[in-house]
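What follows is one structure encoded as structure tokens, with my remarks underneath.
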Amino acid sequence: MKKMRVNFKFCLWLVLAAVFVLGLSNESSANEAPVAPGIALAKQAKPEEKGSTVDHSKLKQLDKNFKSGDEITKACLECHTEADHQFKKTYHWTWKDPKSEGGKGADSVNNFCISANNMEDPLCIKCHPGWNGKKGEVNCLSCHGQEKFDFAEAFKDIQDVSAVGDKESIEIVKGIQDDVKKAAQDVGAVRRRNCGDCHFKGGGGDGVKHGDLDTSLLKPSRELDVHMGIDGENFDCTRCHTTTSHNIAGRFYGTPAEGRHKSLMDDDQISRISCESCHSATPHKPGVKANDHTDKVACQSCHIPTFARELPTKMYWDWSASGKLKDGKYYSEDGPYGKHTYDTKKGDFVWGKDVVPEYYWYNGTMTDTTVNDIIDPSKPVKLRWPIGTPNAKDSRIFPFKVHVGKQPYDLKGKNFLAPLVSGPKDYWKTLDWEDAFTRGMATLGKTWSGEYGFVDTKYAFPTTHMVVPGENALSCTECHTPANGRLANIEGVYIPGRDRLGYLGYLGWFIILASLAGVLIHAAIRIASSKRRD
Amino acid sequence: MSEHKMINVYFFSRFERLAHWLQMLLIFTLILTGFEVHGTYALFGYNAAVKIHNSAAIAWIVMFWLFLFWVLTTGEWKHYIPTTKKVFEVVMYYSYGIFIGQAHPVKKCKDAKHNPLQRIVYLVVATIILPIQISTGLLYLLYNSWEGLGLGFLSLRMIAFLHVAGAVIIISFAIVHVYMTTTGHTPMAHIMAMITGWEEVEECAEIEEWETK
Amino acid sequence: MKKVMVLFVALLAVSLSAGFANAEGNSTKGKYLYRNIYKDCSARGEIPSSTPIVSPSDKTQSQWERTFEKKKFDVFGCTTEFNNLTEANLENIYTYLHGHAADSPTPAKCK
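Protein chains in written order, with this note's numbering: chain A, 4 to 537; chain B, 70 to 282; chain C, 11 to 121.
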């Protein structure tokens, strides 16, 4: 019997010692090796090193004095025979969603420059990857040109200088033609600058549209973007936006973001890289609670604490304030970050930097609003909004930039209006809304009632770039807090530390306080009665 | 106050005492960190609170099973056999007799160290409350495996509620339990017994049969 | 006093008509002449990069006017190349710079 007792005590100490030693060693080794499986897996993903088997400067097809962009493309197609057929089917060329009437080149509206007016807005069309707007050949060099070169300027200059005709001018023309040739030969895999020329400057300027895409990503630090950081993994865009037959993986209109969250271990031909593709669905070290979050919370929610961390992004645009003149002239006012807060052409702006996202349930698809949709102007219209169902298998909590706007709509038809703004006869030159609506709606084959008003709108952008290094991810209390947490408005999920138990919680307090009161009263009576007995 | 002889009895073995105080420490830690996780206050920091809570919980579960094993293998289980006999008398004693200096209706003996009320309460705590706490806690930890375990119907809210409710009952038990330890023949008598193992009690002439079965 | 004024106005008129105020050169040709100056200059090793030191939008139109009237080309660096320019080519370069000055409708920056 005595022996038994000793053994038990020994067991007890042994077990407790083991548990604490294990706990402590786990804790102390957390900062050293071994690394989290999600990192170990992803370390296999190196920056793409596409060794080319072609030196384009040696090709006779490209050893020409090109006189136009179309000529260059024709030279490309002599070898890359299918490239233009492939590309012209993609969204990058059509700007039209094959699955709906939406698309920036179709009837969709946003709350920036509102509409590309069937690709007839001259400023918008600058980003179309063709030589002459939507007609003619594809401009291969807008994506494959390795250094930025203004072909349009060069071709015009060749004509201008040729017209002079003297010997010196002929020399100059030769020089320009050599520059064109050199630029045409300097082609290769797509670099981040190629994508960024348009995608960093959507909405008409650096960082205007997407809070997580701006020119700070050309040479970001690891802290700004752990994947693209030049002192980090130094990925190009195409490392994740993989491509098949010129179809570039990404989300647009009816096409959802990758919702399958597959690992490359499951499917190495996966057409779209999501976080899980490289990091797996349980990327943190075994036993780390964050692994239990991945079913409901998207990686981005914790690993992109704020967006627009280096350069500001536009958060608000009120078109109804546009058109004011000062001394009969256009004017603008500067505000924080050296950005305009007012511009006669465009109206009032609010810019934001280092902005905390809004969080919503998201299944990878967004709503889309077109000029054909009937709206309810009594409340802010959600032009583009995440679709998701709390607790559904395909939905997770995801961070968004929400751009708030005030934009014109047809008072009678209750639909949005798509004005032409940037051309020589358009709103920015004339400040005449009615004419801009009439001609703008005509580009889409529509008419309008002649009466317009302005309505508040909201446009959400999924935030997925500018991922911070793990050590800078959100701390627990950003969400696990009783008041004003980041997920204060998220419904359908129990969040420990955020959610109270309502009346049952009060009942709990009552039980505890009643116990306390009970023993105190009991003790008081005991003391009083024992004194009386003495 | 009694004509019976007072004797010193060794009630609690070293293992039992050690287990008791370690449990106390772990349960106190679990309550302290648990209510931080629940969002009642901020103390250690959320992340630290979760980690301490999880480590303490695993240590305590291991301890609990070890204690249970000890109870079952050493015959200690006899002290926990529930009975309805004299329960009423015990309840009457604590709600009235104790105030007028009556003797406890059930003596604390070497072979029967718990009175009928203790037996029932300890048994309920050990077989209902603590298992609820252990199972809801483990389910909390195994959250992402529910689907695989065929437990997909569970909701975190439900589990969290049960776990918090269990904690409330344990706190309530702890308050009353601590207070009851002061009701020995001197206020510190029961407490010292759990520290030294020894307590001065009235000599048990004979133990009634129901107490040892 | 009046005589002085007349003389001054006359001189101004002459200098304006003979000078650069009209900007009637070939702007495009001027642009490439200007670029080539810096290409040659950096090839010679006088400046580290072939990007022009001064952009058209670094000055206002009236500032360019004065610079070319006084032929104060120190701001450009690369004086060797500048001294070799013919009057006609100076006019071309002036037209380019003037046409893309900071207060012009199309300000330009050399990259």
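Backbone N, C-alpha and C define an ideal beta-carbon position, used for all residues, glycine too.
Which same chain residues, not among the five before or five after residue i, have their C-beta less than 6 Å away from its C-beta?
i	result
C130(A)	C201
C127(A)	A119
R195(A)	D239, C240
K288(A)	A39
Would residue i and residue j be called neighbours here (beta carbons separated by less than 8 Å)?
i	j	result
G148(A)	N68(A)	no
T372(A)	R387(A)	yes
V405(A)	E361(A)	yes
I524(A)	F168(B)	no
G557(A)	F464(A)	No statement about residue 557(A) is possible, as the shown extent of chain A runs from 4 to 537 and does not include it.
S323(A)	Y365(A)	no
A109(A)	C281(A)	no
T105(C)	N36(C)	yes
P286(A)	G136(A)	no
E140(A)	G72(A)	yes
P383(A)	Y455(A)	no
V270(B)	K177(B)	yes
H246(B)	G253(B)	no
G108(B)	H296(A)	no
C120(C)	T61(C)	yes
T344(A)	S325(A)	no
L225(B)	Y497(A)	yes
N184(B)	V160(B)	no
Using the Cβ count rule (16 or more neighbours within 10 Å means buried), how would you classify residue i?
i	result
E101(C)	buried
T489(A)	Checking the displayed sequence, the identity of residue 489(A) turns out to be Arg instead of Thr. Per the 10 Å Cβ criterion, buried.
D124(A)	buried
K349(A)	buried
A421(A)	buried
V85(C)	exposed
K182(B)	buried
A531(A)	exposed
S32(A)	Per-residue confidence for S32(A) stands at a pLDDT of 47, beneath the threshold of 50, marking its modelled position as unreliable; the derived number appears in the next sentence. Exposed, because fewer than 16 other Cβ atoms sit within 10 Å of the Cβ of S32(A).
V233(B)	buried
Using the C-alpha atoms, what's the distance from residue j back to residue i?
i	j	result
K159(A)	S425(A)	22 Å
I238(B)	I203(B)	14 Å
S65(C)	A284(A)	53 Å
L477(A)	I127(B)	27 Å
D438(A)	G253(A)	36 Å
T265(B)	K154(B)	30 Å
I251(A)	T245(A)	6 Å
G106(A)	T370(A)	12 Å
R188(B)	A43(A)	54 Å
R75(A)	G133(A)	Reading off the sequence shown, one finds Ile at residue 75(A), where the question assumed Arg. If you take the alpha carbons of I75(A) and G133(A), they lie about 12 Å apart.
A88(B)	F136(B)	7 Å
G331(A)	N114(A)	27 Å
K317(A)	V353(A)	6 Å
V193(A)	V167(A)	38 Å
V190(B)	I96(B)	17 Å
E336(A)	D321(A)	14 Å
W90(B)	L223(B)	34 Å
Given residue i, which residues of its chain have a CB within under 7 Å of its CB, disregarding the five upstream and five downstream residues?
i	result
L22(C)	Confidence in L22(C) is poor, its pLDDT being 49 and thus under 50, which makes the residue's placement unreliable; the coordinate value appears in the next sentence. None.
L2(A)	Residue 2(A) is absent from the structure shown; chain A starts at 4 and stops at 537.
L80(A)	A86, D87
F84(B)	W139
T466(A)	G214, D215, Q303, I307, F310, P360, P402, F403, K404
E494(A)	P393
C88(C)	I47, Y48, C51, E56, I57
G221(B)	W215
Kindly list the residues whose CB is nearer than 8 Å to the CB of residue i, restricted to its own chain and excluding five residues on each side of it in sequence; keep chain order.
i	result
I179(A)	A157, D160, I161, V164
A491(A)	R501
A118(C)	S65, P66, S67, H110
L221(A)	R195, R196, G199, F203
Check your understanding: Enumerated in chain order, which unbroken segments of the alpha helix (DSSP H) with a length of 4 residues or greater are wholly contained in the region 430-461 of chain A?
Key -> 430-433, 436-446
Check your understanding: Hey, which unbroken runs of the beta strand (DSSP E) at 3 residues or more fall wholly within the region 353-378 of chain A?
Key -> 361-365
Practice item. Pull out every residue of the region 162-193 of chain A whose Cβ sits closer than 8 Å to any Cβ of chain D, in chain order. Key: Any reference to chain D falls outside this structure, whose protein chains are A, B and C.
Exercise for review: Taking only runs that begin and end inside the region 195-259 of chain B, name each unbroken beta strand (DSSP E) of 3 or more residues, in chain order.
Suggested key: none
Point to revise | Complete alpha helix (DSSP H) runs within the region 150-210 of chain A (minimum length 4 residues, chain order) | key: 154-167, 170-188, 195-202
Exercise for review: Tell me the start and end of each unbroken alpha helix (DSSP H) in the region 378-437 of chain A that is at least 4 residues and wholly inside, in chain order.
Suggested key: 430-433
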